[in-house]
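Protein chains in written order, with this note's numbering: chain A, 377 to 696; chain B, 851 to 975.
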């Protein structure tokens, strides 16, 4: 995997140019850990792609891409009637076609699916990851736990987003690397985040997907600019949204941390001993808590209050 | 959202009835790694078997056994008990009792192996 250090073009490409480029040689998305080359003959992809990947869509060809994905229009009559988009990566088509106007969700789920199966040189946790003070806050969670809502809210309050979906821990450097993509918000979370931060940049809403209505929160300019900068392990928090619950902040025992991290890793089994050692190191290094919440502001305040302890611990461990 | 790949993390507790014989010899299974989950040791340990790809949660007693065994040179239960007594100063009977349940569970988990030791005439002792 490479991160191209070339400066980004000063002028953001317009959707028309992106659409044209995608129907030819493609455009390049530098996510931090990896680069994705995107080609598409579905015209509906360009505008939402530009809106949720601000400053990340490049038209100028790169020498290398880790993933080459393609969205193609449906064949036969489906090119004209109830138009479709089909996701392909290296000849593999993991999903049934989506409606053409759902090209962005298809692109997002398709690339996530491929990423989860290919990135086996890092421990890939299913987790939201944000950075502060050079330290990573890692939030592994199962679907429905409120992880994305909390990740989005933190990213709108000054925490640098590394990923909403992939906690990419590099066992060679012992650092988390960004896999910077927009935060996928679903159903009620969309309104929660709009109310939480009215200036939040969300892409279009896509109704009636297999997960209900989805909308994507664009990463901040700072997150985009620093996506090549890794973060050291800081803390592990297991979030769980529970309707009507008071905020609870409970220490997690090491064996709970270990098993939850291992279970939430896409590639723990594939990585073998390297994955085992990586999870052991994270368990030893990171203080961990379970965060049960229903009030988003209160959950954020709780995290903010705990963070100095995380920083102090990291400082004491890095002291000679 | 993506499906998570299931991972085998087994808990090895000390509830089973021991059946390993005192005359048995044991080795650590090839490629087994044992690690403490807390920096200060504690009673939460994990073991990984490179052969099976399985991870096991183990207690400190089981961790001590696996750690003391060698991959090549078989050791008896008595010799392991003696070493722990020597290093900890705990009473001999207490250590033997502590370890009693662990052998069979570690065998089941593939973390240790029972070895048949032959004498120089080729017969089992």
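For every residue, glycine included, the Cβ atom is placed at its ideal position computed from N, Cα and C.
Excluding sequence positions up to five before and after residue 431 of chain A, its CB lies within less than 7 angstroms of the CB of 384, 388, 597, 600, all in the same chain and listed in chain order.
When C-alpha distances from residue 672 of chain A are compared across A/639, A/467, A/621, A/642, the shortest belongs to A/621.
Residues of the region 894–911 of chain B whose Cβ lies closer than 7 angstroms to any Cβ of chain A, in chain order: 894, 896, 898, 900, 903, 905, 907. The DSSP assignment places 443–449, 460–465, 499–508, 511–516 as complete runs of the beta strand (DSSP E) inside the region 431–519 of chain A, in order along the chain (cut-off: 3 residues).
With respect to chain A, the C-beta atom of residue 888 of chain B has a partner C-beta closer than 8 angstroms.
Residue 874 of chain B and residue 941 of chain B have their C-alpha atoms roughly 22 angstroms apart. Annotation for residue 946 of chain B: the continuous alpha helix (DSSP H) segment containing it runs 942–950. Here residue 938 of chain B is exposed. Its C-beta has fewer than 16 other C-beta atoms within 10 Å.
A Cβ-Cβ distance of about 16 angstroms is found for the pair residue 515 of chain A and residue 595 of chain A, leaving them out of contact under the 8 angstroms criterion. Looking only at A/610, A/576, A/473, the smallest Cα-Cα distance to residue 692 of chain A is reached by A/610. DSSP places residue 932 of chain B within a helical segment (H, G or I) once states are collapsed to three. Beta-bridge partners assigned by DSSP to residue 546 of chain A: A/551. Cα atoms of residue 469 of chain A and residue 450 of chain A: separation of roughly 13 angstroms, rounded to the nearest angstrom. For residue 575 of chain A, the three-state secondary structure derived from DSSP is coil.
The Cβ atoms of residue 913 of chain B and residue 884 of chain B sit closer than 8 angstroms to each other.
The C-alpha of residue 579 of chain A lies about 59 angstroms from the C-alpha of residue 920 of chain B.
Counting along the chain, residue 537 of chain A sits inside the beta strand (DSSP E) bounded by residues 536–539. Within the same chain, and ignoring the five residues on either side of residue 640 of chain A in sequence, the residues whose Cβ sits closer than 7 angstroms to its Cβ are 501, 502, 503, 516. Look at residue 921 of chain B: its C-beta is not under 8 angstroms from any C-beta on chain A.
For residue 417 of chain A and residue 398 of chain A, the gap between their C-alpha atoms comes out near 7 angstroms. DSSP, read as helix, strand or coil, puts residue 588 of chain A in strand.
With the criterion set as a beta carbon lying under 9 angstroms from some beta carbon of chain B, the members of the region 616–650 of chain A are 629, 630, 631, 633, 634, 635, 638, 639, 640, 641, 642, 643, 644, 645, 646, 648, 649, in sequence order. Annotation note: the region 602–669 of chain A contains the following uninterrupted beta strand (DSSP E) runs of length 3 or greater, listed N- to C-terminal: 608–617, 624–627, 664–669. Using a CB distance cut-off of 8 angstroms, residue 937 of chain B does not count as an interface residue toward chain A. With contacts defined by Cβ atoms closer than 8 angstroms, residue 424 of chain A and residue 480 of chain A form a contacting pair.
A direct Cα-Cα distance of roughly 28 angstroms separates residue 632 of chain A from residue 963 of chain B.
Comparing C-alpha distances from residue 488 of chain A to each of A/455, A/540, A/528, A/508 shows the shortest one belongs to A/540.
Between the alpha carbons of residue 508 of chain A and residue 658 of chain A lies a gap of roughly 17 angstroms. Inclusion of residue 471 of chain A and residue 486 of chain A in the CB contact set at 8 angstroms is warranted, their separation being smaller than that value. Using a Cβ distance threshold of 8 angstroms, residue 608 of chain A and residue 653 of chain A do not count as a contacting pair. Look at residue 533 of chain A here: in three-state DSSP terms it is coil, with no helix or strand label.
When the alpha-carbon of residue 630 of chain A is set against those of B/882, B/878, B/890, the nearest one is in B/890. With its beta carbon less than 8 angstroms from one in chain A, residue 885 of chain B belongs to the interface. A distance below 8 angstroms between beta-carbons, with the five flanking residues on each side excluded, links residue 475 of chain A to the following residues of its chain, in chain order: 458, 459, 460, 461. The bridge partners DSSP lists for residue 557 of chain A come to none. Between the beta-carbon of residue 879 of chain B and that of residue 961 of chain B there is about 6 angstroms, and that keeps the pair under the 8 angstroms contact cut.
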